[in-house]
Amino acid sequence: MTRRHLKLIFSSIIVGLVVGLGTTAFLYLIEFFSDALLSYPTSIWTPLIILMPAIGGLIVGLITYKVAPESEGHGVSEVLESMALHGGRIRARVPLIKMITSAITIGSGGSAGYEGPMVHIGGGTGSTIGRLLKMDEASVKILVVCGAAAGISAIFKAPLGGVFFGLEIVYGGVEAIALIPVVLSSFVSTAVAQGILGAEPLLKLRVFEILNPYEYLLFFVLGLIFGLLSIFWIKIFHYISDRFQKLKAPKYIKPGIGGLMLGFIIFFFPQIIGGGYEVINREIVVPISLVLLLTLGLLKIIGTSLTLGSGGSGGAFAPMLFIGAMFGGAYGLSLQWLLFSNTYGPLTPLLPFLASLMGSWVRYLSPAVAFEPMAYALVGMAALIASAARAPLTGIVLVTEISKGYTMILPLMLACITAYLVSRLIMRGDLYTENLLKKGIDLVEERRADLLDRVRVGDIMSEPMVVSSDMKVFQVLEMICKYHHHGYPVIDNGTLIGVIDSDTIDREMAENHEMRRVGELANKNVVTVFPDETLHQALDKMLENKTDRLVVVDRKNRNIVGIITRTDILEVHEIKLIMKYGSGAIRDKLQKIARIDEEYREEMEI
Numbered sequence: 010m011t012r013r014h015l016k017l018i019f020s021s022i023i024v025g026l027v028v029g030l031g032t033t034a035f036l037y038l039i040e041f042f043s044d045a046l047l048s049y050p051t052s053i054w055t056p057l058i059i060l061m062p063a064i065g066g067l068i069v070g071l072i073t074y075k076v077a078p079e080s081e082g083h084g085v086s087e088v089l090e091s092m093a094l095h096g097g098r099i100r101a102r103v104p105l106i107k108m109i110t111s112a113i114t115i116g117s118g119g120s121a122g123y124e125g126p127m128v129h130i131g132g133g134t135g136s137t138i139g140r141l142l143k144m145d146e147a148s149v150k151i152l153v154v155c156g157a158a159a160g161i162s163a164i165f166k167a168p169l170g171g172v173f174f175g176l177e178i179v180y181g182g183v184e185a186i187a188l189i190p191v192v193l194s195s196f197v198s199t200a201v202a203q204g205i206l207g208a209e210p211l212l213k214l215r216v217f218e219i220l221n222p223y224e225y226l227l228f229f230v231l232g233l234i235f236g237l238l239s240i241f242w243i244k245i246f247h248y249i250s251d252r253f254q255k256l257k258a259p260k261y262i263k264p265g266i267g268g269l270m271l272g273f274i275i276f277f278f279p280q281i282i283g284g285g286y287e288v289i290n291r292e293i294v295v296p297i298s299l300v301l302l303l304t305l306g307l308l309k310i311i312g313t314s315l316t317l318g319s320g321g322s323g324g325a326f327a328p329m330l331f332i333g334a335m336f337g338g339a340y341g342l343s344l345q346w347l348l349f350s351n352t353y354g355p356l357t358p359l360l361p362f363l364a365s366l367m368g369s370w371v372r373y374l375s376p377a378v379a380f381e382p383m384a385y386a387l388v389g390m391a392a393l394i395a396s397a398a399r400a401p402l403t404g405i406v407l408v409t410e411i412s413k414g415y416t417m418i419l420p421l422m423l424a425c426i427t428a429y430l431v432s433r434l435i436m437r438g439d440l441y442t443e444n445l446l447k448k449g450i451d452l453v454e455e456r457r458a459d460l461l462d463r464v465r466v467g468d469i470m471s472e473p474m475v476v477s478s479d480m481k482v483f484q485v486l487e488m489i490c491k492y493h494h495h496g497y498p499v500i501d502n503g504t505l506i507g508v509i510d511s512d513t514i515d516r517e518m519a520e521n522h523e524m525r526r527v528g529e530l531a532n533k534n535v536v537t538v539f540p541d542e543t544l545h546q547a548l549d550k551m552l553e554n555k556t557d558r559l560v561v562v563d564r565k566n567r568n569i570v571g572i573i574t575r576t577d578i579l580e581v582h583e584i585k586l587i588m589k590y591g592s593g594a595i596r597d598k599l600q601k602i603a604r605i606d607e608e609y610r611e612e613m614e615i
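Quick note, our numbering runs 9 ahead of the 1-based positions in the sequence shown.
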């Protein structure tokens, strides 16, 4: 394990500790503002409920746009943008400002969750710590992911869910160098949060068990529906956000306008205030009416879009869970009424006909078969994460971990993958990336280009085959004939002094100088690279110097430690693309390789 890896692991533990403490402070801050702004006697609370989100929005607008404009919104998109364009750099003030503005937004009645802010706060913390420790860009990015994962882990007290969130959504894939630091950060932050706040989870979900194997068909249909629902949710969210962007009003006033519009909604439906965790906990146990579930789900879409689209600060992740639970519960209640009702349901007259078509299948649609309508609420939460955030693994793991419902793993997998595929086939962007695409930021392309920045020369260099400066020309010729390498580094007491190539050896042999020492003939103008430089830097040096190989030397003493070729770099890039994006990306990459080869040949001819 290299010194860089050890430093990264140590730093990830620090990030987890700080984010765990920050999560605790954030939750206490929300409680403080909620008590200060929403805890009034009933007689005066009713009219104030309309105004409080507007007042909170105005305060947030002033703080945000005067101090840290990048702290607006739900936080995840901002972290993704910093990863794609700024090397993971997030200003040190952002975590603190995000914590304050999000606490005010949520505490004043905003329809937003805790998780998005904690992703931004955690990511900013990781970025700041990485830069304070003077770490390289790739390491800073990993610490941003560590902070984001630690924030999710601490909020939900679900370290595995946090790990998958960080790797799948923020990092864009699983790589060995990032896995251990992210796991450590998530573990430490969760342990700190549990130690201070207790082990009781934010969401207290029931455990369900599916006894009817034919219900898997119903979960498949749920996945289809939720794939479409996610597109509706994304479209509404960004439509309202675009309307506020085009609104001719000072930016700092817009969150207040959105808050006022939200106030009229929560006057009648206060259930959509905040993340709605209490409502989810209650409805999973004792579901309310079908109509109210649908109403709350739709209003949460509108309320969250108003809160965040106007410039308020908060998360969209908890609203995803709320919307998924409400619509999933409504789907389950609909199935119970249509198919599993103890009374005369609308499909009862059709059962004999269905039985003649499908035989024994219909006997499972009987009141005698146990049916849990709110199991569909649980699966709905995961399915909406999978489709709206394009994170099926996060949805499966997080909901399984929170609910301890390991008996639901198969329905979760089926619904999440189905919802993800439907959403992905219809719409390119997701809840977090759609606004980035409008700015011309394509995360997939950015991450592909970023692959060469994540791998160090020292990770793939090969053992050097060297010649001593006192070797004779004929001895080097024998090596060339035996090993078929066209160039060799020349060393003197372990230190690189130059390179000797086959053309020089052939010329000396033709002139009968086979006994000359190669140290006299070596080309002293050697292009070198250090083990801790990235493959991107190495490839740039090759193109700049019109060579297809570089000698790798130690920074301190210039001793040769390896060799790296252009083919080595391109092969690594191709393999990583296959692992991360599948074979379709390889066609694009091969075209790029062909262009690089053509440029290389042209430069060599000049």
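No residue lacks a Cβ here, since even glycine has one placed at the ideal position from N, Cα and C.
Residue interval of the beta strand (DSSP E) (run including residue i)
| i | result |
| --- | --- |
| Asp501 | 496-501 |
| Gly571 | 569-574 |
Residue interval of the alpha helix (DSSP H) (run including residue i)
| i | result |
| --- | --- |
| Leu2 | This structure does not reach residue 2, given that the chain is present from 10 up to 615, and the question cannot be answered. |
| Leu342 | 326-347 |
| Thr32 | 12-47 |
| Thr134 | 124-141 |
| Arg558 | It is not in any alpha helix (DSSP H) - Arg558 instead sits in the beta strand (DSSP E) that spans 558-562. |
| Asp549 | 544-554 |
| Ser250 | 224-255 |
| Gly323 | Segment: none, Gly323 is in no alpha helix (DSSP H) and carries neither H nor E. |
| Lys447 | 443-447 |
| Ile273 | The sequence shown places Phe at residue 273, not Ile. 263-277 is the extent of the alpha helix (DSSP H) around Phe273. |
| Ser194 | 185-206 |
| Ile405 | 401-412 |
| Lys107 | 102-116 |
| Pro168 | 168-174 |
| Ala121 | Looking at the DSSP string, Ala121 is not in any alpha helix (DSSP H), and its letter there is neither H nor E. |
CB-CB length for residue i against residue j, believed under 8 Å
| i | j | result |
| --- | --- | --- |
| Arg102 | Val76 | 7 Å |
| Phe35 | Met108 | 5 Å |
| Lys150 | Met92 | 6 Å |
| Ser136 | Val154 | Ser136 to Val154, Cβ: 10 Å. No contact. |
| Pro210 | Phe173 | That belief does not hold up - the Cβ atoms of Pro210 and Phe173 are roughly 17 Å apart, past 8 Å. |
| Pro382 | Tyr225 | About 16 Å separates the two Cβ atoms, so there is no contact after all. |
| Gly236 | Ser396 | 5 Å |
| Asp501 | Ser471 | In fact, because the Cβ distance is near 22 Å, the residues do not count as touching under 8 Å. |
| Ile514 | Val485 | 5 Å |
Pair within 7 Å by beta-carbon distance, residue i and residue j
| i | j | result |
| --- | --- | --- |
| Ala398 | Gly232 | no |
| Gly156 | Gly122 | no |
| Gly683 | Ala386 | No information on residue 683 is available, as it lies outside the stretch 10 to 615 that the chain covers here. |
| Ile240 | Ile435 | yes |
| Val28 | Thr199 | no |
| Ile72 | Val197 | no |
| Ile489 | Val499 | no |
| Tyr497 | Val476 | yes |
| Phe276 | Ile59 | yes |
| Ser86 | Asn444 | yes |
| Gly66 | Pro264 | yes |
| Leu214 | Ile293 | yes |
| Leu402 | Gly333 | no |
| Val535 | Ala547 | no |
| Val179 | Ile113 | no |
| Pro473 | Ile572 | yes |
| Thr32 | Ala163 | yes |
| Phe229 | Leu423 | yes |
| Ala45 | Ile411 | no |
| Leu342 | Leu299 | yes |
6 Å CB neighbourhood of residue i in its chain, flanking five on each side removed
| i | result |
| --- | --- |
| Phe283 | Here residue 283 is Gly; the residue named in the question, Phe, does not match the sequence. If we look at Gly283 and ignore the five residues flanking it on each side, its Cβ neighbours are Ile115. |
| Asn532 | Gly507, Val508 |
| Leu141 | none |
| Val406 | Leu169, Gly170, Phe173 |
| Ile245 | Ile310, Ser314 |
| Met417 | Phe217 |
| Glu146 | Gly96 |
| Leu302 | Met335, Gly338, Ala339 |
Same chain, Cβ closer than 7 Å to residue i, five either side skipped, listed in chain order
| i | result |
| --- | --- |
| Leu544 | Leu461, Val464, Val466, Ile578, Val581 |
| Lys589 | Because the pLDDT of Lys589 is 47, which lies under 50, any placement of that residue in the model is unreliable, and the number read from its coordinates should be weighed accordingly. The answer, listed in chain order, is Gly182. |
| Ser369 | In this prediction, Ser369 has a pLDDT of 48, which is less than 50 and means its spatial position is unreliable; what the coordinates show is noted afterwards. Taken in chain order, the list of residues that qualify is empty. |
Chain-order list of residues whose beta-carbon lies under 8 Å from that of residue i (same chain, five-residue window excluded)
| i | result |
| --- | --- |
| Gly272 | Ile58, Ile59, Leu60, Met61, Pro62, Ala63, Gly118 |
| Gln280 | Val288, Leu305 |
| Ser80 | Thr73, Glu87, Val103, Ile106, Lys107, Thr110, His129, Ser322 |
| Thr352 | Reliability of the predicted coordinates at Thr352 is poor, the pLDDT of 46 falling under 50, and the value obtained from them is presented with this limitation in mind. Same-chain partners within the cutoff: there are none. |
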